[in-house]
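Asker: Its first residue numbered 195, the sequence shown is counted upward by one per residue in the working numbering. Ideal Cβ positions, reconstructed from N, Cα and C, are used throughout, including at glycine. These numbers were taken from a predicted model, which means no experiment stands behind them.
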Amino acid sequence: MARKATLQKLMAVALLALNFAACAPREHAIIGVKNPHISATEVAGTKSHDIYVMTTRQPSDDPALMFSGERSSGLDYAKVTVTLPPTHRPGQVERPKRLPPDPKTEMTVINPVSFANEKQIIADMNRTLARLRAEERSILVFIHGYNTTYTDAVLRFGQFVEDSGFDGVPVLFSWASAGKLPDYVYDINSALAARSALIAASDAMIKTDARSINLVAHSMGNLLTVEAMKEARLQNRFDSSGKLRNVVLASADIDVDVFAEQMSAFDPSERKFYLLISEDDKALGVSRFLARGVNRVGDADVNQLEALGVTVIDLTSVQDTASNNHSKFADSPEVVQIIGGEILKGDSLHTAPTDPGVLANMLSDISNTAQILTSPGG
Numbered sequence: 195m196a197r198k199a200t201l202q203k204l205m206a207v208a209l210l211a212l213n214f215a216a217c218a219p220r221e222h223a224i225i226g227v228k229n230p231h232i233s234a235t236e237v238a239g240t241k242s243h244d245i246y247v248m249t250t251r252q253p254s255d256d257p258a259l260m261f262s263g264e265r266s267s268g269l270d271y272a273k274v275t276v277t278l279p280p281t282h283r284p285g286q287v288e289r290p291k292r293l294p295p296d297p298k299t300e301m302t303v304i305n306p307v308s309f310a311n312e313k314q315i316i317a318d319m320n321r322t323l324a325r326l327r328a329e330e331r332s333i334l335v336f337i338h339g340y341n342t343t344y345t346d347a348v349l350r351f352g353q354f355v356e357d358s359g360f361d362g363v364p365v366l367f368s369w370a371s372a373g374k375l376p377d378y379v380y381d382i383n384s385a386l387a388a389r390s391a392l393i394a395a396s397d398a399m400i401k402t403d404a405r406s407i408n409l410v411a412h413s414m415g416n417l418l419t420v421e422a423m424k425e426a427r428l429q430n431r432f433d434s435s436g437k438l439r440n441v442v443l444a445s446a447d448i449d450v451d452v453f454a455e456q457m458s459a460f461d462p463s464e465r466k467f468y469l470l471i472s473e474d475d476k477a478l479g480v481s482r483f484l485a486r487g488v489n490r491v492g493d494a495d496v497n498q499l500e501a502l503g504v505t506v507i508d509l510t511s512v513q514d515t516a517s518n519n520h521s522k523f524a525d526s527p528e529v530v531q532i533i534g535g536e537i538l539k540g541d542s543l544h545t546a547p548t549d550p551g552v553l554a555n556m557l558s559d560i561s562n563t564a565q566i567l568t569s570p571g572g
């Protein structure tokens, strides 16, 4: 009993540490909520992005939440428009502090649309793709992490799309995270339960007129992403369309030993994945504590990761706007712009990213604040 009580106290301390950056109250019921006094489209300098959604969350009874943290047995499809205020600063998510949101200083999520089936969302995506130049007809898929509500995921992705300068079609794959700090185990199981759904979502995107597909996963979303890729690889379906261009794994909350086993399913020539790691990631430090001290991929030893034939980008020296250093891929203006300018517009999966010129440019672009390390097999 004493040992159990001690463990519970340690876990409570760990969860409190993880919660430092999340202690402020958040407004979640903002989907489709417009300000009756001023429309976001009337505010000069407002930026907006249409984001497609494929999700394993159950629809919420509250339309302002749209989707809950409960698991669905299949995929639901939707689209929302995220607006960013003219005062937006790169790396910042300007969440509404109260309702209605103020579009002059806060992000809004408007014009929610639900699609009845895969056919409808593909048709809508193709209409959007047709309006883009040929070189812009790419898809960016974002797979969020633990303790993330649907609203959190939409706002974060909207900020990332804007700050990265991505000019294709954004697609949020939102799995059923409870969005609650104590529900770490529930979230792990929700992520694992979504593997087949992510493959199905990928199949739907392959059917569109997009020329290429990019994946960016964060935190626990990496466990889902890599497991789904491994499952597809074992079925001889991994990148069978040839459209997969880049895979960015940011702050990966995956047991490093599990990751090594996952990578063994891929031929060395297929391991063209970017790993964004940081030794000062406090959130992964808590995960490591809960995992009996086993490192997570996002804060693992560089040499150990390099040996797996992946591209490692060490962001330890990069300053983050958040106190837990867990979201540098989006919080750091330098890093998010590098991802958009150097990685997402590259060709890492089909051309080895070991060109010294490419890496030198990336290093220069972040003002020598991050150390970029690449394995010989890259």
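Using a 10 Å radius around the Cβ and a threshold of 16 neighbouring Cβ atoms, would you call F360 buried or exposed?
Answerer: As a first step, residue 360 must be located in the sequence shown, where it is residue number 166. When all chains shown are included, F360 counts as buried.
Asker: Quick check: does the Cβ of S266 come within less than 6 angstroms of any heavy atom belonging to the ligand ADP?
Answerer: Looking for the ligand ADP in the displayed structure turns up nothing, as the structure carries no ligands at all.
Asker: Hey, T249 and S368: beta-carbon distance below 7 angstroms or not?
Answerer: As a position in the sequence shown, residue 249 is number 55, starting the count at 1. As a position in the sequence shown, residue 368 is number 174, starting the count at 1. Cβ atoms of T249 and S368: closer than 7 angstroms.
Asker: Would DSSP call L502 helix, strand or coil?
Answerer: Indexing the sequence shown from 1 puts residue 502 at position 308. Residue state, collapsed to three classes: coil.
Asker: Quick one: what does DSSP say D244 is sitting in, helix, strand or coil?
Answerer: Residue 244 sits at position 50 when you count from the first residue of the sequence shown. Strand at D244.
Asker: Can you find the residues in the same chain that come closer than 8 angstroms, C-beta to C-beta, to A218, ignoring five residues on each side of it along the sequence?
Answerer: The residue labelled residue 218 in the question sits at position 24 within the sequence shown. Its pLDDT being 48, under 50, A218 is placed unreliably in this model, and the value from its coordinates should be taken loosely. Around A218: no qualifying Cβ.
Asker: Run the CB neighbour count on H412, radius 10 Å, all protein chains shown included, and call it buried at 16 or more, exposed below.
Answerer: The residue you call residue 412 lines up with position 218 of the sequence shown. Under this definition H412 is a buried residue.
Asker: May I have the straight-line CA-CA distance separating R254 from V335, to the nearest angstrom?
Answerer: Start at 1 with the first residue of the sequence shown, and residue 254 comes out as number 60. Start at 1 with the first residue of the sequence shown, and residue 335 comes out as number 141. For the sequence presented, residue 254 should be read as Ser rather than Arg. A straight line joining the alpha-carbon of S254 with that of V335 spans about 23 angstroms.
Asker: Can the beta-carbon of G415 be found less than 7 angstroms from the beta-carbon of I337?
Answerer: Taking the first residue of the sequence shown as position 1, residue 415 is located at position 221. Taking the first residue of the sequence shown as position 1, residue 337 is located at position 143. In contact: G415 and I337 (Cβ atoms closer than 7 angstroms).
Asker: Skipping 5 residues on each side, what residues in its chain have a beta carbon closer than 7 angstroms to that of P550?
Answerer: Locating residue 550 in the sequence shown gives position 356, where the first residue counts as 1. Residue placement at P550 cannot be trusted, given a pLDDT of 44 that sits under 50; what the coordinates show is reported in the next sentence. No residues qualify anywhere along the chain.
Asker: So what's P527 in DSSP terms, helix, strand or just coil?
Answerer: Looking up residue 527 in the sequence shown gives position 333. If DSSP states are grouped into helix, strand and coil, P527 belongs with the helices.
Asker: Among V247, Y378, T240, N430, which has the Cα closest to the Cα of A395?
Answerer: The residue you call residue 395 lines up with position 201 of the sequence shown. Considering only V247, Y378, T240, N430, the residue with the shortest C-alpha distance to A395 is V247.
Asker: Hey, out of N489, L469, E464, K466, whose CA is closest to K476's CA?
Answerer: Position 282 of the sequence shown holds residue 476. The residue with the shortest Cα to Cα distance from K476 is N489.
Asker: Following the continuous beta strand (DSSP E) through T510, name the residue where it begins and the one where it ends.
Answerer: Working through the sequence shown from its first residue, we reach residue 510 at position 316. That residue, T510, is in no beta strand (DSSP E); it is neither H nor E in DSSP.
Asker: Is it buried or exposed for G503, if we count other Cβ within 10 angstroms and need 16 for buried?
Answerer: By one-based count along the sequence shown, residue 503 stands at place 309. Buried: at least 16 other Cβ atoms inside 10 Å.
Asker: Count the other C-beta atoms from every protein chain shown that fall within 10 angstroms of the C-beta of V420, then say buried if there are 16 or more, exposed otherwise.
Answerer: Residue numbering aside, residue 420 sits at position 226 when the sequence shown is read from its first letter. It counts as buried.
Asker: Counting only the same chain and skipping the five closest in sequence on each side, list residues whose C-beta sits under 6 angstroms from that of E221.
Answerer: Start at 1 with the first residue of the sequence shown, and residue 221 comes out as number 27. Same-chain partners within the cutoff: P290.
Asker: Which value, in whole angstroms, describes the spacing of the CA atoms of A238 and D318?
Answerer: Position 44 of the sequence shown, counted from the start, is the residue given in the question as residue 238. Position 124 of the sequence shown, counted from the start, is the residue given in the question as residue 318. Distance between the alpha carbons of A238 and D318: 28 angstroms.
Asker: Using alpha carbons as the reference points, say which of R350, L409, F467, R465 lies closest to D288.
Answerer: Counted from its first residue, the sequence shown places residue 288 at position 94. Asp is not the amino acid found at residue 288; the sequence shown has Glu there. Here the closest residue by C-alpha is R350.
Asker: Starting from the Cα of I225, find the closest Cα among H231, V450, D256, V363 and give me that residue.
Answerer: Position 31 of the sequence shown, counted from the start, is the residue given in the question as residue 225. Out of H231, V450, D256, V363, D256 has the C-alpha closest to the C-alpha of I225.
Asker: Can you find the residues in the same chain that come closer than 6 angstroms, C-beta to C-beta, to V355, ignoring five residues on each side of it along the sequence?
Answerer: Along the sequence shown, read from residue 1 onward, the residue named residue 355 stands at position 161. Excluding positions up to five away in sequence, the list reads H243, P364.
Asker: Counting along the chain, where does the alpha helix (DSSP H) carrying A324 start and finish?
Answerer: As a working note, residue 324 is residue 130 in the sequence shown. Where A324 is concerned, the enclosing alpha helix (DSSP H) stretches over 312 to 324.
Asker: Can you give the Cα-Cα distance for G339 and P230, rounded to whole angstroms?
Answerer: Working through the sequence shown from its first residue, we reach residue 339 at position 145. Working through the sequence shown from its first residue, we reach residue 230 at position 36. G339 and P230 have their C-alpha atoms spaced approximately 33 angstroms apart.
Asker: I'd like the list of long-range same chain contacts for T342, defined as Cβ closer than 7 angstroms, with 5 residues on each side in sequence excluded.
Answerer: Position 148 of the sequence shown, counted from the start, is the residue given in the question as residue 342. For T342, where only same-chain residues beyond five positions count, the Cβ hits under 7 angstroms are S371, G373.
Asker: Run the CB neighbour count on R331, radius 10 Å, all protein chains shown included, and call it buried at 16 or more, exposed below.
Answerer: By one-based count along the sequence shown, residue 331 stands at place 137. It counts as buried.
Asker: Residue range of the beta strand (DSSP E) that E264 falls in?
Answerer: For this step, residue 264 is matched to residue 70 along the sequence shown. It spans 261 to 278 - the beta strand (DSSP E) in which E264 sits, taken as one unbroken run.
Asker: Output needed for P284: all residues of its chain with C-beta closer than 6 angstroms, excluding positions within five of it in sequence on either side, in chain order.
Answerer: On the sequence shown, residue 284 is found 90 positions in, with the first residue counted as 1. So the list reads D357, P527, once near-sequence residues are dropped.
Asker: Measuring CA to CA, which of T299, L428, K539 is closest to E455?
Answerer: Here the question's residue 455 lines up with position 261 in the sequence shown. Nearest C-alpha to E455: L428.
Asker: Would you mind reading off the limits of the beta strand (DSSP E) that contains T302?
Answerer: Here residue 302 refers to the residue found at position 108 of the sequence shown. Counting along the chain, the beta strand (DSSP E) containing T302 begins and ends at 302 to 309.
Asker: In this structure, what does DSSP give as the bridge partners for L334?
Answerer: Looking up residue 334 in the sequence shown gives position 140. Per DSSP, P364, N408.
Asker: What is the residue span of the beta strand (DSSP E) that V488 lies within?
Answerer: Along the sequence shown, read from residue 1 onward, the residue named residue 488 stands at position 294. Neither: V488 is in no beta strand (DSSP E) and is coded neither H nor E.
Asker: Where does N440 sit, in a helix, a strand or coil, going by DSSP?
Answerer: In the sequence shown, counting from the first residue as 1, residue 440 sits at position 246. In this structure, N440 counts as strand in the three-state DSSP scheme.
Asker: Whole-angstrom Cβ separation of V529 and L509, contact assumed at under 8 angstroms?
Answerer: As a first step, residue 529 is located in the sequence shown; it is residue number 335 there, counting from the start. As a first step, residue 509 is located in the sequence shown; it is residue number 315 there, counting from the start. The Cβ separation is near 6 angstroms, so the contact holds.
Asker: Determine the closest residue to E236 out of I245, Y468, T277, with distance taken between C-alpha atoms.
Answerer: In the sequence shown, the residue the question calls residue 236 occupies position 42. Ranking the options by Cα distance to E236, first place goes to T277.
Asker: Taking Cβ to Cβ, would you say L418 is nearer than 7 angstroms to A388?
Answerer: Counted from its first residue, the sequence shown places residue 418 at position 224. Counted from its first residue, the sequence shown places residue 388 at position 194. Yes.
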